[in-house]
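What follows is the structure in structure tokens.
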């Protein structure tokens, strides 16, 4: 359990970092597309050395890749209209709650009453971070959270069915392909080509960080309930609250930092419940 906890917390730091990069990008959809495409290319190279998974739940790969297309579109839109320290907490917090509920309903995960209380406290703190946000901003973030909850449950199941640690590699390849097809279908081919030529090094770094983040989380999900790991990963909202208010100069710093403290308290209860 300690290994799973450390993996999830390390993933939180990486996750906050690449999301900050996306938020600061001029074209957020292109930034996310480049990241996913570079990540998929990296995973393809790794699979050349590791070999293809002996068994693979293809339906989970396809379903998750399609959901990720929607996730990337809605996340880019949410970052276009909302503060980093508001959009990210709502999306990740509500997503964690949906993943926890989905894990219990569909994956037979067992969460103790104390663990569930910890999740609820953390989610409460995350929602407090949203505060007086514009309803349109909240709605966009909630759409992102629906995608997060859905792909978390599907990927947790797919990772367990596949066994080993190669599932996320296949998933990133599939996601890179489906997102690229979406870009071509929506007339972004020229923008994609220009961005890849000029920013391939940034995409490569962000893609590697994204792959490492998701890989660590899925490995952790093989050792602990999906809801537990997903909620732990959301400790990244504490980092985002501080970065958004201090580094990006977003407003309402005091309330958002207090709310981040509530998130940490919830995580302590969550871990104690295990």
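Numbering (UniProt numbering), first residue to last: 1 to 274.
Glycine included, C-beta positions come from ideal geometry on N, C-alpha and C.
Nothing here was measured: the structure is a model prediction, and the numbers come from that model.
Nearest to residue 18 by alpha-carbon distance, out of 144, 31, 250, 115, is 31. Taking a 10 Å sphere around the C-beta of residue 3, we find fewer than 16 other C-beta atoms and assign the residue as exposed.
DSSP, reduced to helix, strand and coil, places residue 191 within a helical segment of the structure shown. Taking residue 77 as the centre and dropping the five residues before and after it, the same chain places the C-beta of 140 closer than 7 Å to its C-beta, in chain order.
Residue ranges of uninterrupted beta strand (DSSP E) with 3 or more members are absent from the UniProt domain "EamA" (141-271); none lies entirely inside it.
In the same chain as residue 154, and ignoring 5 residues on each side of it, the C-beta atoms closer than 8 Å to its own belong to 60, 63, 64, 67, in chain order. In the three-state reduction of the DSSP assignment, residue 52 falls in the coil class. Three or more pairs of CB atoms, one per stretch, sit closer than 8 Å, so the stretch 41-56 contacts the stretch 162-179.
Proximity of the stretch 242-251 to the stretch 91-102 falls short of the contact definition, fewer than three beta-carbon pairs being nearer than 8 Å. The stretch 231-241 and the stretch 86-95 touch, with three or more beta-carbon pairs separated by less than 8 Å.
Between the beta-carbon of residue 89 and that of residue 146 there is about 16 Å, and that puts the pair past the 8 Å contact cut.
Around the beta carbon of residue 37, 16 or more other beta carbons lie within 10 angstroms, which makes this residue buried. Counted as a single uninterrupted DSSP element, the stretch harbouring residue 134 is not any alpha helix (DSSP H), since DSSP gives it neither H nor E.
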